[in-house]
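**Q** So the number in this note's numbering is just where the residue sits in the sequence shown, counting from 1, plus 22.
We treat Cβ as the ideally placed atom computed from N, Cα and C, and that holds for glycine.
These numbers were taken from a predicted model, which means no experiment stands behind them.
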Amino acid sequence: MATQRVSPGARLLRTSRMFSMPKPLPVAHDSVANIYATPTTATAPYPTSQAISSPLSSRAKGDWGLKRPLPLKTTLNTTTPMIRVKAIDAVEKVTDFNSAADHGLTLQKFQELGVALTMPVSHIHRVQSGKVSVFEEDYDFTAINEKPNEVSHKRWKFKGPWLGGMTEGQFKKYLISLRQRKPEFREFVRAKLAAEVTQNEAREAMEQGKGTAPPPKTASEISEEMLNDYFLRLRDDSARFNIYSYVSEFLDLAPIAPPNQGSKEADVVVRPVSPYANEGPPKCHPSAGLSYLRTSQFLSNHPLYGPQKYRLTRARILSPWKGSEVPKLGVAGVITDIPLGQNRFNVRTPAKIESEMSNVPGILNFNPEIVGGAKVHVNPKMARVDSQGRIILTVDESQPECNMVYEELQGRKKVYHRDPKERAAEKAASEAQPVPYRRPKKLYQHQANVLGSVQNYGLGQ
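1) T100 to F388, Cα distance in whole Å?
2) Does the beta-carbon of M228 have 16 or more other beta-carbons within 10 angstroms, so that it is buried, or is it exposed?
3) Taking the alpha helix (DSSP H) that D124 falls in, what are its first and last residues?
4) Less than 8 Å between the CB atoms is what I'm expecting for L340 and I360, so what's the real figure, rounded?
5) For a test of the three-state rule: what should DSSP assign to S29, helix, strand or coil?
6) For D418 versus V400, is the C-beta distance shorter than 8 Å?
7) So P402 is in the alpha helix (DSSP H); what residue range does that whole segment cover?
8) Could you please give the first and the last residue of the uninterrupted beta strand (DSSP E) stretch that includes L340?
9) Could you have a look at I265 and say whether DSSP puts it in helix, strand or coil?
10) Look at the Cβ atom of Y252, then the Cβ atom of L215, and state whether they are nearer than 8 Å.
11) How should S245 be labelled, buried or exposed, when 16 other C-beta atoms within 10 angstroms of its C-beta is the threshold for buried?
12) Taking C-beta to C-beta, are R406 and P142 nearer than 8 Å?
13) DSSP state of K344, grouped into three classes?
14) So who's on the other strand from Q364, going by DSSP bridges?
15) Within 8 Å, do at least three Cβ pairs link the stretch 174 to 183 to the stretch 296 to 315?
16) Going by DSSP, which residues form a beta bridge with S318?
17) Does the Cβ-Cβ distance between Q2 and S322 come in under 8 Å?
18) Does Q221 have its Cβ less than 8 Å from a Cβ in chain B?
19) If V211 sits next to L273, beta carbons under 8 Å apart, how far is it from one beta carbon to the other, in whole angstroms?
20) Run through DSSP, which three-state label would V437 get?
21) Grab the span of the beta strand (DSSP E) containing R106 for me, first residue to last.
22) Quick check on DSSP: helix, strand or coil for S270?
23) Under 7 Å: does the beta carbon of D274 sit that close to some heavy atom of the ligand ADP?
24) Quick check on Q330: does DSSP put it in helix, strand or coil?
25) If you draw a straight line from the alpha carbon of G136 to that of Y428, how long is it in whole angstroms?
Shown next as structure tokens:
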């Protein structure tokens, strides 16, 4: 039976977003996370399905632009009207969907930070961290038109895989799939040999003082014997770097950091390393659609105090100090570390630990008496997206004056119209004597580190 021809208008409607949904991305599989029990309702590192929203006038009718209306009980009584569709037509002839507020709100909160996404840098260029935007012309491109040898390693998209992130089994399967491309690779090397022969003949003609250069060689003029001899020369240790570059260019492989990266050997010429050589290229654009700011160097203007140097936000202390384990902060739905260096989050002087770190409630130990959990003001500095799709956010500590301005702007504190008597009382309270430092007692070998005893539970004297 012949298939019915479809008009161009019907074909356009069938392929439009109203009638078709983009295929979901593959779910991230973390080998470390598989060790622990992960609930099925846990938030994924990155969204895998498209989030859909609808205005209130359409939501009241259950209209989300899909094939059938969605139930009002689960879609109308919510403050975050965002859904992700798993299947438009399930076996039960219903639309399978759930809420997409987890990633939707994370996107909104991250954009409120006003942080530009930056490029990853290697360990030897750590000083330049956070100074290069992902939208710079030197990195934000996929096609190579001019100077391929100079800029090809800076791309973020490659046709071939990143061999540094492959397991042994995946690498063996990839080698098996390449066996059928041997004739194609020989023709590729034949063209490279023809270009090399043409360059050598032109250089010899110039050295001998000939007026005209010989005609360029073509790949058809390279015989099999010349090609086999060229392969033998490429397999030599001195010319092995050339065959590596040929294979990488032929397969369009993502670059890997060389083992002599950062060495001072003068006889080894190393090609400039890609910014993604250590972690691998990203799955999508380096910005991941989170922010389209090219720089974070802009000021926010306060209605009373003028331009502000810092853009503060409140971070939740998710975990305090646990021995040598660094505390974790939650900023705009992203887990990050405390600011680097010696600050009020990390006081290295033993005599000042209790006096200075006590200004950050909940950083030394968990305090269940704080309503809503312990929070602290931080200054978002820079952010980037790694090869696994996770947001790496870096924050700095804030200044006390900036905290007061931020709290007043949020309506939690009065500073500009405050009574002078209240200001004097707060100043006197802030100048109180700090808590003296007491050296902890040493636990000798015959003593035990008892967490609980009869006296601690009130059962004895």
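**A** By the coordinates alone:
1) 32 Å
2) With fewer than 16 Cβ atoms within 10 Å of its Cβ, M228 is classed as exposed.
3) 123 to 135
4) Actually they are not in contact, since the Cβ atoms of L340 and I360 sit about 11 Å apart, beyond 8 Å.
5) Per DSSP, reduced to three states, the secondary structure at S29 is coil, with no helix or strand assignment.
6) yes
7) Looking at the DSSP string, P402 is not in any alpha helix (DSSP H); the run it does join, the beta strand (DSSP E), is 397 to 407.
8) Residue range 335 to 341 is occupied by the beta strand (DSSP E) that includes L340.
9) helix
10) yes
11) exposed
12) yes
13) strand
14) DSSP output for Q364 lists no bridge partner at all.
15) Yes: at least three Cβ pairs fall under 8 Å.
16) BP columns for S318 are empty, so no partner.
17) The shown model of the chain, from 23 to 483, leaves out residue 2, and the question about it has no answer.
18) In the structure shown, chain B does not exist; there is a single protein chain.
19) Not a contact, Cβ separation roughly 13 Å.
20) coil
21) 104 to 109
22) helix
23) The ligand ADP is absent from the structure shown, which contains no ligand whatsoever.
24) Strand at Q330.
25) 15 Å
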